[in-house]
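First up is the structure itself, then whatever we jot down about it.
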Amino acid sequence: MSIQWRVDGDYVPDRVRFRLVESLVDDALDKLRGGLALDEEIELDSDGERMGSIESYVVSIEKVGQFTREQLEAMKSLWGLQDTCRNAVLCCTWLNSTVKPAVSDPASAGIIMGKILECWPYTPLVGFGFDLTYTNLFCFRDSAWLNDNAMRAFAVCLARYKNNFGESVASHQFVLLPINFGGTHWGCLVVDRDTKVIKMYDSMGGKRNKKRLQKMAEEIRTGPLRDDSYEALEVTEPVQTDSDSCGVFVCRFFWTCVSSESPSDVSPAGITKLRWEMLHAVMKLRPR
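FYI, the UniProt record's numbering numbers position 130 of the sequence shown as 130, with every residue one higher than the one before it.
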């Protein structure tokens, strides 16, 4: 299918009463960003005013019609909102059907489910030191990969464990470093200052990732630490048996460094409870 972009400041778009399929919208916007709008360069006129706007970009899609960039980005936003709402429903279904029967405090799961159902998914959660919304937390449910913000939010919870929030990194026994491999897998490094050990952990035990972690550990030892007495130690247990809980295993490993009370059950039922405990910890965190 032919997709051709042009700059046309005089084009008056028709009212669109339908939404193009998501793959077609993505393809058209990718072509724009790789062509006319490459790197979003801003042109100024002689008076220093910006020339053109997003409405100036018009696309002709063979056998479909003509649309402005603004219209396509609105369609993309609707596709994103639909996906977000679907994830919210899946998270609530998980809380109601799986978590509530399995935990000792089902009322808490019901309260959080109610908050998710009643809120706008992009409502910000304050007190974490970075932009976090409800939509970032729906991945705590079973069979979902933890995203960057979910990992970061739980790390904030661990940083505040036993009210140690606000202490400098140098005063902590452990430095926790989540590592993402190619956007598809989480591993980690943990610097133990007391024992002078850099722990390397990959819940799937991949040889390639092991080499990557070893290289990173060496760079930390010779770089920021500047201490040759540190030893790199591979941690091989526990091993995940599914394909979507690597982030959960990393967070659990971090938790074991902070507290002896961290969950030890990594069976499928235990991972479900662990995912719930992580979501619960994030949701009940109070701003400071």
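All residues carry an ideal CB built from backbone N, CA and C; glycine is no exception.
The structure presented is a predicted model; accordingly, all values stated were derived computationally and were not measured.
Since residue i and residue j should fall inside the 8 Å C-beta cutoff, what is the C-beta to C-beta distance between them, to a whole number of angstroms?
i	j	result
Ile179	Leu213	7 Å
Leu189	Met216	6 Å
Thr236	Gly205	6 Å
Trp276	Val89	Contact flag wrong, Cβ pair sits at about 17 Å.
Val126	Pro287	5 Å
Tyr230	Val266	Incorrect: roughly 28 Å between the Cβ atoms, too far for contact.
Lys210	Glu234	7 Å
I need the boundaries of the alpha helix (DSSP H) containing residue i, first residue and last residue.
i	result
Ala109	Pro106 to Glu118
Met283	Pro268 to Met283
Gly247	Cys246 to Val258
Here's the rule: buried if 16 or more other CB atoms are within 10 angstroms of the residue's CB, otherwise exposed. What is residue i?
i	result
Trp94	buried
Gly9	exposed
Tyr122	exposed
Asp202	buried
Phe165	Reliability fails at Phe165, whose pLDDT of 47 lies under 50, so the model's placement of it is uncertain and the value that follows must be treated cautiously. Label assigned to Phe165: exposed.
Gln71	buried
Gly65	exposed
Lys199	buried
Met1	exposed
Arg141	buried
Val85	Sequence check: residue 85 is Cys here, not Val. Exposed, by the Cβ-count rule.
Ala269	exposed
Val191	buried
Gly187	buried
Counting along the chain, where does the beta strand (DSSP E) carrying residue i start and finish?
i	result
Cys188	His185 to Asp192
Asn209	Taken as a continuous stretch (DSSP letters only), Asn209 belongs to no beta strand (DSSP E), being part of the alpha helix (DSSP H) at Lys207 to Thr222.
Thr133	Neither: Thr133 is in no beta strand (DSSP E) and is coded neither H nor E.
Going by DSSP, which residues form a beta bridge with residue i?
i	result
Arg6	Val58
Tyr230	Answer is none; Tyr230 lacks a bridge partner.
Lys31	None, per the DSSP bridge assignment.
Thr68	Val58
Tyr201	Cys188 and Val235
Asn147	Partner(s): none; Asn147 has no beta bridge.
Pro178	Cys188
Pro124	Thr133
Is the beta carbon of residue i less than 7 Å from the beta carbon of residue j?
i	j	result
Ser243	Ile271	no
Ile116	Cys139	no
Ser56	Val7	yes
Val248	Leu274	yes
Trp120	Val59	no
Ile61	Lys31	no
Ala74	Val282	no
Pro13	Thr68	yes
Is residue i close to chain C? Criterion is C-beta to C-beta, closer than 7 Å.
i	result
Trp186	No chain C appears in this structure, which consists of one protein chain only.
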